[in-house]
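S.K.: Residue numbers (numbering that gives the first Met the number 0): 0 to 193. Glycine is no exception: its CB is placed at the ideal position from the N, C-alpha and C atoms.
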Amino acid sequence: MTSDKHRKKAARELATADGISYTAARRRLTTDTTDDPLGPAMLAGLVARCRAEFTAEQFADRLQRGGPKYAAYLVAGHQAAIEALEYALGHGVDAVDDGLAAVAASKGVPITPAVLAEALRRVRDHSLLFYDGSSVAEAAYWVADRYWMHKWNDALDRSGPGEYDRVVGPNVYRRMAVHEWMAPGHDFGPVPRP
């Protein structure tokens, strides 16, 4: 199925699931709401996903202490999650990982175009809670994690001596940034410390 066919199918499924028009569903799938990546929506989402680790004031203080490096890390995690979900929506979940759909289905988590579309919408507007137990949250986590894990492994396979920082490093950074964006403050790797 082509990317355009996947997008159309996702829009039809989203329209049906949400009771909205096909046009509104297409608009929702293609509208990026990240004009102000460090705005109130991002802060609220980060606080919600930190699982009571921080209050809004504490997280704002954490952002200030971390400075531009930590803020950029969170923005990179957000963008990496969007990139992974857009790829899965455009190319199918099997293009991310050929066993992911079957493994997820065996655990009761269907990864359909409608689920991916809703996950992408929630990631874009910072409303996705990765630990709420929903199929949307589970699919978003597994797709983003597997996408960047495979990017990391592919980069390892093609890098030569002395190329780690240039070829592999950016993929490691993005995978760890996705994890920090999903659950801030839960130490998933080399996080720029505030």
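Would glutamate 117 and valine 142 be called neighbours here (beta carbons separated by less than 8 Å)?
M.R.: In this structure, valine 142 does not lie closer than 8 Å to glutamate 117 by Cβ.
S.K.: Using 10 angstroms around the beta-carbon of valine 122, count the other beta-carbons present and answer buried if the total reaches 16, otherwise exposed.
M.R.: Per the 10 Å Cβ criterion, buried.
S.K.: Evaluate glutamate 179 with the Cβ neighbour count: other Cβ atoms within 10 Å of its Cβ, from every protein chain shown; 16 or more gives buried, anything less gives exposed.
M.R.: Label assigned to glutamate 179: buried.
S.K.: If we count Cβ pairs, one from each stretch, closer than 8 Å, do we get three or more for the stretch 36–55 versus the stretch 150–167?
M.R.: The stretch 36–55, when compared against the stretch 150–167, does not touch it at the 8 Å Cβ threshold.
S.K.: Under the three-state reduction of DSSP, which class applies to arginine 192: helix, strand or coil?
M.R.: Any reading at arginine 192 needs caution, since the residue's pLDDT is 45, under 50, leaving its predicted position unreliable; the model's value is listed next. Note: arginine 192 maps to coil in three-state DSSP.
S.K.: Under a three-way DSSP split, which group does aspartate 153 fall into?
M.R.: The answer is helix: DSSP assigns aspartate 153 an H, G or I state.
S.K.: Express the C-alpha separation of histidine 77 and aspartate 153 in angstroms, rounding to a whole number.
M.R.: Using only the alpha carbons, I get a separation of about 22 Å.
S.K.: Report whether the distance from the Cβ of glycine 65 to the nearest heavy atom of the ligand GDP is below 7 Å.
M.R.: The ligand content of the structure shown is nil, which means the ligand GDP is not present either.
S.K.: Of all the options Gln63, Tyr21, Ile81 and Ala43, which has the alpha carbon lying nearest to the alpha carbon of alanine 176?
M.R.: Taking only the C-alpha atoms, the option nearest alanine 176 is Ile81.
S.K.: Quick check: what's the CA-CA separation for leucine 128 versus tryptophan 151?
M.R.: One C-alpha to the other measures close to 25 Å.
S.K.: Among the residues of its own chain, which have a CB less than 8 Å from the CB of tyrosine 86, if the five just before and after it don't count?
M.R.: Hits under 8 Å: Ala94, Val95 and Tyr146.
S.K.: Is the CB-CB distance between alanine 200 and alanine 103 below 8 Å?
M.R.: In the structure as shown, the chain begins at 0 and stops at 193. Residue 200 is therefore absent and cannot be evaluated.
S.K.: Mind checking which residues open and close the alpha helix (DSSP H) that includes alanine 101?
M.R.: Its alpha helix (DSSP H) spans residues 99–105.
S.K.: Rounded to whole angstroms, what is the Cα-Cα separation between serine 126 and glycine 44?
M.R.: Their Cα atoms are separated by approximately 6 Å.
S.K.: So phenylalanine 58 packs on leucine 73, CB below 8 Å; how close in whole Å?
M.R.: Not quite, the Cβ-Cβ distance comes to about 10 Å (not below 8 Å), so this is no contact.
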